[in-house]
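> Per numbering that gives the first Met the number 0, the very first residue in the sequence shown carries number 0; after that it's consecutive.
Every residue, glycine too, gets a C-beta built ideally from N, C-alpha and C.
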Amino acid sequence: MYGTGRLFGVSIIPVGGSIGQHTHQGDFETYYILKGKAKVNDNGTEYILEPGDMTHCKDGDFHAIENIGDCDLEYIAVILYSETKKEA
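#1: Using alpha carbons as the reference points, say which of ASN42, TYR46, CYS70 and PRO50 lies closest to GLY59.
#2: Apply the 10 Å Cβ neighbour rule to GLY35 and answer buried if 16 or more other Cβ atoms are within range, or exposed otherwise.
#3: Across the region 43-52 and the region 6-24, are there enough close Cβ pairs to call them in contact, namely three or more that are closer than 8 Å?
#4: Let me know if ASP26 comes out buried or exposed under the rule of 16 or more other beta-carbons within 10 Å of its beta-carbon.
#5: State the DSSP-derived secondary structure class of GLU82, mapped to helix, strand or coil.
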């Protein structure tokens, strides 16, 4: 990623699975839903996402993602460094 980030990949969460609440310091994360149905908690606000939807969690905010559909949840996750981390 040439120093601009640390992750660009497809993630899969099985039915009923989740990635619990967490934060990023010095970077931010974006999800793009490919397949399935997700419930995303972005700093206390919940969203339902389906294929073609995207969400963005800012540096320092907390977030979580849960598969609430009836098939595997597939999404692209991108974690890029914030400007402050790139300058450090």
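To lay it out plainly:
#1: With distances taken between Cα atoms, GLY59 lies closest to ASN42.
#2: Around the beta carbon of GLY35, 16 or more other beta carbons lie within 10 angstroms, which makes this residue buried.
#3: In this structure the region 43-52 does not lie against the region 6-24, because fewer than three pairs of beta carbons, one per stretch, are closer than 8 Å.
#4: By the Cβ-count criterion, ASP26 is buried, with 16 or more other Cβ atoms from all chains shown falling within 10 Å of its own Cβ.
#5: It is helical.
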